[in-house]
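Student: Okay, so the sequence shown: first residue is 96 according to the numbering used here, each after it adds one. Positions of the beta carbon are idealized from the N, C-alpha and C atoms, including for glycine.
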Amino acid sequence: MAGRVHSLDYLKLLMALFVALGHSGVLTADVSVTKFVIGNGILRNAVPVFSLVSGYFLHAVVMRGKGRAWLRKALWLYSFWFAVYLAWALIVAPEWLMPNLSTPRAVAGLYVWGYLHLWYVVGLFVAGAMVLAMLRLGRATGWGHGPLVVLAVFCAVAGCVMEYLSITGTWPIPTHRYRNGIFIIYPFAALGYLLADRVARQGLAGLPRARVMGPLAGAALVLMMAEAWLVARNYGIGNEQFTEIPVSAYLCAPAAFVFFLRMNLPRPVLNLGYLSAAIYFLHAMIEVTAGEMGVANPYMVFLLGVAVPCVAALLLRGARNGRRPRPDPAP
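Written out as structure tokens, the structure is:
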């Protein structure tokens, strides 16, 4: 279970494409109900699925006693990309950043909550720390996974409630207050961890079969689109109505995750996990830069946001492989 799962690499690549598409402007330029439903229905699976994947592989890390090392690596990764995006924004798009650098407190807030899409990376660090803390509490009290589950349910419900209070105008809440590691990422990461624990004990046969989960994921996807359509119909299609945490994602994302996990897809020719990471970390930089350079067609922006990171990743990987010493040929 700790090894590479190629089926999940395909899923991660698909979700990375969702993220790049969502940030490209394709679905937000001249927004319509159809675009709103796609963006706030189908594409909203990305963060839950990434969180499930991270929680799933965190299980193997915990079993090896490397939880703290995982946290240090996650924080270093976030800090590195935060610095990269800070430098990039100061050069290419200072108007996107300068209002957030007016005071030391503003800079600290930007780091804590995350800049652009990096909110997910810092949120993953927070969610990972919460998972480890709940596991430790479970061991100390003898309650097992109880604390992990109870907190996950609480955070999931609280996040959805806060979001819909804001969407309906009942109680306007800043998006980052519920779109973070506590209320979105942690519940799905905890579920991913629990699924990995089940696989570790029972094997993949302990999970429902793909032929069951496929139709379930499809039905749940329809529910996600219906949920987005109801929001658009009743409350409009402005930014304030974006559904960061569709309630139906709690059915769709796990169903899709298990479906891909049980698919047993073949090893791809390229390292899809590497490509998906490149797309995720670089797409925002490329897409905003393209816009600053006058690229007005959002489809072209999306294409650049995917193609440039992939080419860069392949070139970098090729250069690394070229520097590795090769064994002498057998006599």
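Between the C-alpha atoms of V148 and V126, what's the straight-line distance to the nearest angstrom?
Tutor: Residue numbering aside, residue 148 sits at position 53 when the sequence shown is read from its first letter. Residue numbering aside, residue 126 sits at position 31 when the sequence shown is read from its first letter. The straight-line gap from Cα to Cα measures roughly 31 Å.
Student: What's the C-alpha gap between F397 and L108?
Tutor: As a working mapping, residue 397 is identified with position 302 in the sequence shown. As a working mapping, residue 108 is identified with position 13 in the sequence shown. Looking at the two C-alpha atoms, the distance is approximately 15 Å.
Student: Our contact map puts L172 next to V216 with C-beta atoms below 8 Å; I'd like the distance itself, whole angstroms only.
Tutor: Within the sequence shown, the letter at position 77 stands for residue 172. Within the sequence shown, the letter at position 121 stands for residue 216. Indeed, because the Cβ distance is near 6 Å, the residues count as touching under 8 Å.
Student: Name the two residues that bound the continuous alpha helix (DSSP H) containing A323.
Tutor: Stepping through the sequence shown from its first residue, residue 323 is reached at position 228. Element bounds for A323: 305-330.
Student: In this structure, does DSSP put K161 in helix, strand or coil?
Tutor: Stepping through the sequence shown from its first residue, residue 161 is reached at position 66. Coil, per DSSP.
Student: For the alpha helix (DSSP H) containing I429, name the first residue and the last one.
Tutor: Past the edges of the chain, shown from 96 to 426, lies residue 429, and the structure says nothing about it.
Student: Would you identify the three-state DSSP class for F337, choosing helix, strand or coil?
Tutor: The residue you call residue 337 lines up with position 242 of the sequence shown. In the structure shown, F337 sits in coil (DSSP, three-state: anything other than H, G, I, E or B).
Student: For L360, name the three-state secondary structure that DSSP assigns.
Tutor: Sequence index remark: in the sequence shown, residue 360 carries index 265 (1-based). In this structure, L360 counts as coil in the three-state DSSP scheme.
Student: Could you check what DSSP says for I268 in three-state terms: helix, strand or coil?
Tutor: On the sequence shown, residue 268 is found 173 positions in, with the first residue counted as 1. Correct three-state label for I268: coil.
Student: At a cut of 8 Å, does the segment 141-158 reach the segment 102-116 through at least three beta carbon pairs?
Tutor: Touching, yes.
Student: What do you reckon, are the CB atoms on I280 and G218 nearer than 8 Å?
Tutor: Against the sequence shown, residue 280 aligns to sequence position 185. Against the sequence shown, residue 218 aligns to sequence position 123. It is a contact, given that the beta carbons lie within the stated cut-off.
Student: Any chance the segment 162-179 sits against the segment 236-249, with 3 or more Cβ pairs inside 8 Å?
Tutor: They do not touch, by the three-pair rule.
Student: Does the structure place the segment 128-135 close enough to the segment 258-271 that three or more beta carbon pairs sit under 8 Å?
Tutor: The segment 258-271 vs the segment 128-135: no contact.
Student: Considering Cα atoms alone, identify which of N135, S102, H101, A124 is closest to M320.
Tutor: Numbered from its first residue, the sequence shown carries residue 320 at position 225. When only C-alpha atoms are compared, the closest one is N135.
Student: Do the segment 340-358 and the segment 313-332 touch if we need at least three Cβ pairs shorter than 8 Å?
Tutor: Touching, yes, given that three or more Cβ pairs across the two stretches are closer than 8 Å.
Student: Which word fits V406, buried or exposed, when buried means at least 16 other C-beta atoms lie within 10 angstroms of its C-beta?
Tutor: One-based indexing of the sequence shown puts residue 406 at position 311. The residue in question, V406, is exposed, as its Cβ has fewer than 16 Cβ neighbours within 10 Å.
Student: Can you check whether the CB of L116 is closer than 8 Å to the CB of A379?
Tutor: What you label residue 379 is simply residue 284 of the sequence shown in a count that begins at 1. What you label residue 116 is simply residue 21 of the sequence shown in a count that begins at 1. Cβ distance not < 8 Å, so A379 and L116 don't count as in contact.
Student: Identify, in the order they occur along the chain, each residue of the same chain with its Cβ nearer than 7 Å to the Cβ of Y375, setting aside the five sequence neighbours on each side.
Tutor: Position 280 of the sequence shown, counted from the first residue, corresponds to residue 375. If we look at Y375 and ignore the five residues flanking it on each side, its Cβ neighbours are A111, V114.
Student: Could you tell me whether the Cβ atoms of R274 and W214 are closer together than 8 Å?
Tutor: Taking the sequence shown and counting its residues from 1, the one referred to as residue 274 is at position 179. Taking the sequence shown and counting its residues from 1, the one referred to as residue 214 is at position 119. Yes, the pair counts as a contact, with Cβ atoms nearer than the cut-off.
Student: What's the C-alpha gap between E190 and N392?
Tutor: One-based indexing of the sequence shown puts residue 190 at position 95. One-based indexing of the sequence shown puts residue 392 at position 297. Cα to Cα, the separation comes out at about 21 Å.
Student: For the segment 275-295 against the segment 222-237, are there 3 or more C-beta pairs whose distance is under 8 Å?
Tutor: As far as the Cβ criterion goes, the segment 275-295 touches the segment 222-237, which means the pair count is three or higher.
Student: Please confirm if the segment 348-356 is in contact with the segment 281-297, defined as three or more CB-CB distances below 8 Å between the two stretches.
Tutor: Taking 8 Å as the limit for Cβ pairs, the verdict is that the segment 281-297 does touch the segment 348-356.
Student: Is the segment 308-319 close to the segment 247-259, with three or more CB pairs under 8 Å?
Tutor: Too few Cβ pairs lie closer than 8 Å, so no.
Student: Which of helix, strand or coil does DSSP assign to M110?
Tutor: Position 15 of the sequence shown, counted from the start, is the residue given in the question as residue 110. Here M110 sits in helix by DSSP.
Student: Using the Cβ count rule (16 or more neighbours within 10 Å means buried), how would you classify L230?
Tutor: Within the sequence shown, numbered from 1, the residue matching residue 230 stands at position 135. Label assigned to L230: buried.
Student: Going by beta carbon distance, what residues of the same chain come within less than 7 Å of R139, once the five residues before and after it are set aside?
Tutor: Your numbering for residue 139 matches position 44 in the sequence shown. So the qualifying residues of the chain are M319, T338, P341, A344.
Student: Over the uninterrupted alpha helix (DSSP H) stretch that includes G239, give me the two end residues.
Tutor: Working through the sequence shown from its first residue, we reach residue 239 at position 144. Careful: G239 lies outside any alpha helix (DSSP H) and carries neither H nor E.
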